[in-house]
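Residue numbers (our numbering): 80 to 461.
Think of the CB as a built atom: it goes at the ideal place given N, C-alpha and C, for glycine as much as any other residue.
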C-alpha cells in the first residue's frame, strides 16, 4: 500500500466518526420507540435536538472569524475532546433510554434527549472542523474519501442492526451492546485522527504558506467565492433533506405498512451512502450541468417519500425501502460532488463555508419539519 492510499484509509476511518453516533440512534429507533412515550414522533424530536446542537458550530464559526489566530494545536484539542464527548453521550444513552420523565401532564424521554444532545455536538461540529483539516492534506480527492468515510459511518450501524435482528420482534443483542460496539469504532476514528495529525504536520510549511498567499489576493478570492455559491447552495439543500427532512418523515411514510418496512427503509437510508459516494472517485459530477441534473434526479425519490408521508397511497411495500435507498444515495452523491467542487476552490475558507452551509441547511430542514409535524400536523397520524 503506497503512502497516498494509507492517507485515504486514515481519512476514511476518521470520516467514519462524523455522523456515526447519530446514524446509530436512527437505526435503533424501532427499539427506542417502543419504550419512548413520543412513539412515532420520536424521530422528529430527535431531528430537532440534532439541529439544536448546531448552536455549537455557529458559536465556533463566530469565534473563528473574530479570533483568526486559532492554532492547529487548539483545533487538535477540540477534535480529540469532541470524539471523547461522543463516547460519553453514547454510553449515557444506554442508561437513560428507558427513563420516562413527566413534564406538566405529558411524558417525555427527557434524559434520552439530553444524551442525544451530547452525542450530537461532535457530529454537528464535524462539518466545520473536520473538512478544513482534510482540505489541508493537499488533494481534493481526500474530501471525496472523507464523504465515503461518513457513508461507512452509516453502513456500520446498519449492518449491526441487521445482525441484531432489529427487524423482528426479538433481538439478538440489546441496545446497550449495540452502543458499546459503536464506541469501539469511535475509538478507531480517534486513532486514525492521530495518524492524520502526524501526516498533516509533515506537510511542508513552505507549501502551505504558498497556497495561502496565492489565495489571499483580493480579486482571486472574490472570484473564487462567486464560483462556489452554487455548489454550496446545493450542499445546503441536499443536507436539509438528508439530515433532517427524510429521517423525520420516514416514520409517517411507513405507517400504512408493516413495522419491518420502517426498519428496512431506515437501514437502507443510511446503508447506501458509501456506495454512491464512491462513484465520485471514478466519475465527477462537480460541473454545474452535472450537479443540476443530479439534483433533479435526487429530487424524484425524495419527493415521493414526502408525498407518502402526507397522503396514504396504495403502492407495493417494496417501493418505499427502494425509494429510501435511492434518496439517501443520490443525496449523498450530490453532497460529495458539491464538496469536491468546493475543495478545488482557492478560497482559503471554502471548505469551512461549505461545512457551515451543511449544518445551516440541516437546521432549516429540522425546524420546518418539526413545525409541520407537531404544530400543523400535516403528516399521516398513527
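For residue 187, DSSP records a beta bridge to 180. Counting only runs that start and end inside the segment 390 to 450, the alpha helix (DSSP H) elements of at least 4 residues fall at 398 to 422.
Counting along the chain, residue 307 sits inside no alpha helix (DSSP H), nor does DSSP assign it H or E at all.
Membership of residue 320 in any alpha helix (DSSP H) is not indicated, and neither H nor E is assigned to it by DSSP.
Under the DSSP assignment, residue 102 falls in the alpha helix (DSSP H) whose first and last residues are 99 to 106. Residue 145 carries a helical assignment under DSSP once its states are collapsed to helix, strand and coil. It is roughly 11 Å from the alpha-carbon of residue 263 to the alpha-carbon of residue 169.
Of all alpha-carbon atoms in 115, 389, 206, 334, the one lying nearest the alpha-carbon of residue 187 is that of 115. Distance from the Cα of residue 155 is smallest, within the candidate group 437, 270, 316, 447, for 270. In the structure shown, residue 369 falls within a helical segment according to DSSP collapsed to helix, strand and coil.
Its chain contains 384, 387, 388, 399 as the residues whose beta carbon lies nearer than 7 Å to that of residue 332, once the 5 sequence neighbours on both sides are disregarded; these appear in chain order. Judged by DSSP secondary structure, residue 243 falls within the alpha helix (DSSP H) whose first and last residues are 220 to 243. As the crow flies, the alpha-carbon of residue 106 is around 27 Å from that of residue 182. Excluding the 5 residues flanking it on each side, residue 308 has no same chain C-beta neighbour closer than 8 Å. With fewer than 16 other beta carbons inside 10 angstroms of its own, residue 457 counts as exposed. A direct Cα-to-Cα measurement between residue 175 and residue 356 gives close to 35 Å.
With fewer than 16 other Cβ atoms inside 10 Å of its own Cβ, residue 361 counts as exposed.
The Cβ atoms of residue 216 and residue 157 lie no closer than 8 Å to each other. In this structure, the CA atom of residue 201 is about 28 Å from the CA atom of residue 377. Taken through DSSP and simplified to helix, strand or coil, residue 281 comes out as helix. Positions of the alpha helix (DSSP H) runs, each at least 4 residues long and wholly inside the segment 329 to 378, are given as 338 to 350, 352 to 358 in order along the chain.
Here residue 185 is exposed, its C-beta having fewer than 16 other C-beta atoms within 10 Å. Taking 8 Å as the cut-off, the Cβ atoms of residue 278 and residue 127 do not count as close. Under the criterion of beta carbons closer than 8 Å, residue 227 and residue 335 do not qualify as touching, at roughly 35 Å. Spanning the alpha carbons of residue 172 and residue 190 requires a straight line of approximately 8 Å. At the C-beta level, residue 320 and residue 198 stay beyond 8 Å of one another. In this structure, the straight-line span from the alpha carbon of residue 132 to that of residue 393 is close to 38 Å.
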